[in-house]
Structure formats: structure tokens, C-alpha cells
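Trainee: In our numbering, the protein residues as written are 966 to 1214.
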Ligand SMILES: NC(=O)c1ccc[n+]([C@@H]2O[C@H](COP(=O)([O-])OP(=O)(O)OC[C@H]3O[C@@H](n4cnc5c(N)ncnc54)[C@H](O)[C@@H]3O)[C@@H](O)[C@H]2O)c1
């Protein structure tokens, strides 16, 4: 029970990686406030967590809206009396295009969720976390922040911003005993990744990792458990890259 007495907000909780993080956190004893815009998938995810004995609630909403972030922080306090952990995994994909072809509308709506959404969550979660006396912030970034693929300028720049943001948060909030890090998954076997390829075989063939396979959502979640736990009490302002060596060559 490495996360006993911890309460976590997880955004994007209905997604492949977010749901795996929720499951791993619950297995380690954390209380969970699970958030996502996809109501049906979120309800299914939280029902499964509860069936397995977890203390978890679902809050449906749009990560780009401040009222939703405020509601999540308040829900942690009201339901569980504290907030110790924040994982931001909500993510909006827009077409994979170079900047010369990407519309301003898509640039802005991706930033609204993927960056402004994180800012809003931090703005409302950190004051509640500070009352708890310690905290761990985990921003889900990507290996593509370091090694962009074609058509991902918008994605790599937003994920790169998260790497800088975590460092800046670490500086600003160390006095409150709040740690902040990014977790950068490599290519991960979930619906989002598979949807980029015509078949699962092609998806695996394009893994481009040193192991010749995709990572699993559970392998990403294991890193999040470490960062959330007291085992990582001296870990702040850094990036935990779990990419099967994608960026090593
Ligand atoms: N899957 C991969 O291969 C991979 C690799 C590197 C990084 N990542 C990162 O990991 C994170 C999770 O990715 P995933 O694979 O689980 O993707 P996913 O699409 O399965 O999950 C993202 C979740 O965010 C939710 N969401 C989208 N827009 C939202 C909004 N406006 N408000 C609230 N929720 C919203 C979706 O409903 C979805 O459940 C993302 O930040 C992604 O960039 C994924």
C-alpha cells in the first residue's frame, strides 16, 4: 500500500493511460477523484474501480473550463478531506499536420485542453494540496517532446512546455513540500495509439522502441505510482521517461 492516505485527482481518467494510473493508484490504497469529458467511459472506469474495492468518484467535465478544475479540487476536499496528488492525463488530439497546414482553430483548441487545462487544474489543486502539507504533481508529457515525429509540431511544443512547466512548479512550490515532475510515455498500446494505424500489427511495427514492441499502460502507471509515492520524496523538477529506449538512438 504505497499510496495509503493519499488522495489523487486524475484527469483523462477514462483514457488508456489515465485508467491504468487509476487502477494502479487504487491498488496501492489511494482515494481517487477521476475526471474525464467522456461520461460513458468514465462511468465504466469508475464502476470497475469500485467493484475492485477502491474509493473513487467520477466527475465529468471539460478540462478547458475553469469551473471544472475548481469542482475537482473541491470534490477531493469534500469527499476525502485532502488532496495530495495530481495527475494530468487529459489530452485532445488534433490533425497531425505541419504548422503550415494546421488551422489556427485546431492550434488553439489543443492548447486550451492540453496546456490551459493543466494550468487551470494546477491553479485550483495546489492551494488544496498545500493544506495537506505535501504533494506530488505528475504532468503526463510524451517522448515526442524530445524526438518529434512529422506533423506533430503542435504536440511536441505542448509536451515540451509541460517539461518546462514541471520544473517551474518544482521551484515555486518546494517550500510547500510539493514535488512536480513530468512522466513521458513512449508509444503505448492503447486505443489512442492503435487508432493511428490501420491495424494492430502496423501499430506494433511502428513502435520504434529498442524492444520492438509498444509499452503497456500498466508500465506507464508503474512510473506514476513511484512519482506519487513517498519513495520519490527527493524527486522533483525532472522527467521520468518510460519509452523503451525510443529516444536512446
Ligand atoms: N498512448 C500513447 O502512445 C502516448 C504516448 C506518449 C504520451 N501519451 C500521453 O498520455 C496521455 C494519455 O494518453 P492516452 O493514450 O491515455 O490517450 P486517451 O485518448 O486514451 O486519453 C485521453 C483522455 O482525455 C480525455 N479528454 C479529451 N479531451 C478532454 C477534455 N476537453 N476534457 C477532459 N478530458 C478530455 C479523453 O476523453 C480521454 O479519455 C496524453 O497526454 C498523451 O499525450 C500517450
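Ideal Cβ positions, reconstructed from N, Cα and C, are used throughout, including at glycine. Values in this document were obtained by computation on a predicted structure and should not be read as measured data.
Given 7 Å as the limit, tell me if residue 1174 has its C-beta closer than that to any heavy atom belonging to ligand 1.
Mentor: no
Trainee: Mind the definition here: the stretch 1095 to 1111 touches the stretch 1035 to 1054 only if three or more C-beta pairs lie below 8 Å; say whether that holds.
Mentor: yes
Trainee: In its own chain, which residues sit with a C-beta less than 7 Å from the C-beta of residue 1026, not counting the 5 before and 5 after it?
Mentor: Hits under 7 Å: 1000, 1002, 1033 and 1036.
Trainee: Sorry if obvious, but does the Cβ on residue 1158 come closer than 7 Å to a heavy atom of ligand 1?
Mentor: yes
Trainee: Just to confirm the assignment, what range does the beta strand (DSSP E) spanning residue 1010 have?
Mentor: Segment 1004 to 1016 is the alpha helix (DSSP H) holding residue 1010; no beta strand (DSSP E) there.
Trainee: So, with DSSP's three-state summary, where would you put residue 1078?
Mentor: helix
Trainee: Tell me, to the nearest whole angstrom, how far the beta carbon of residue 1128 is from that of residue 1205; I am working on the premise that it is less than 8 Å.
Mentor: Between the beta-carbon of residue 1128 and that of residue 1205 there is about 11 Å, and that puts the pair past the 8 Å contact cut.
Trainee: Could you tell me how far apart the beta carbons of residue 1153 and residue 1179 are, in whole angstroms, since I believe they sit closer than 8 Å?
Mentor: 6 Å
Trainee: Give a single yes or no on whether residue 1003 has its beta carbon closer than 7 Å to a heavy atom of ligand 1.
Mentor: Yes, since a heavy atom of ligand 1 falls inside the 7 Å radius drawn around the Cβ of residue 1003.
Trainee: Is the beta carbon of residue 1176 sitting closer than 8 Å to the one on residue 1168?
Mentor: no
Trainee: One question on the structure: do residue 1201 and residue 1144 come within less than 8 Å of each other, judged by their Cβ atoms?
Mentor: yes
Trainee: At which residues does the beta strand (DSSP E) containing residue 973 begin and terminate?
Mentor: 972 to 976
Trainee: Could you check whether the Cβ of residue 988 sits closer than 7 Å to any heavy atom belonging to ligand 1?
Mentor: no
Trainee: Taking the beta strand (DSSP E) that residue 1100 belongs to, which residues open and close that run?
Mentor: 1100 to 1105
Trainee: Alpha carbon to alpha carbon, how far is residue 1109 from residue 1120?
Mentor: 8 Å
Trainee: Along the chain, where does the alpha helix (DSSP H) that runs through residue 1136 open and close?
Mentor: For residue 1136, the uninterrupted alpha helix (DSSP H) segment begins and ends at 1118 to 1138.
Trainee: May I ask you to check if the CB of residue 1054 is nearer than 7 Å to at least one heavy atom of ligand 1?
Mentor: Distances from the CB of residue 1054 to the heavy atoms of ligand 1 include at least one below 7 Å.
Trainee: Short of 6 Å in beta carbon distance, which residues of its chain neighbour residue 919, apart from the five on each side in sequence? Order them along the chain.
Mentor: An answer regarding residue 919 cannot be provided, because it is not within the stretch 966 to 1214 covered by the chain.
Trainee: Taking 7 Å as the cut-off, does the CB of residue 1183 come closer than this to any heavy atom belonging to ligand 1?
Mentor: no
Trainee: Pull up the distance between the alpha-carbon of residue 1114 and that of residue 1007, whole angstroms please.
Mentor: 30 Å
Trainee: Short of 7 Å in beta carbon distance, which residues of its chain neighbour residue 1192, apart from the five on each side in sequence? Order them along the chain.
Mentor: 1101, 1103, 1146, 1148, 1200 and 1205
Trainee: When the Cα atoms are used, what is the spatial distance from residue 978 to residue 1065?
Mentor: 33 Å
Trainee: What three-state label does DSSP hand residue 1071 in the structure shown?
Mentor: helix
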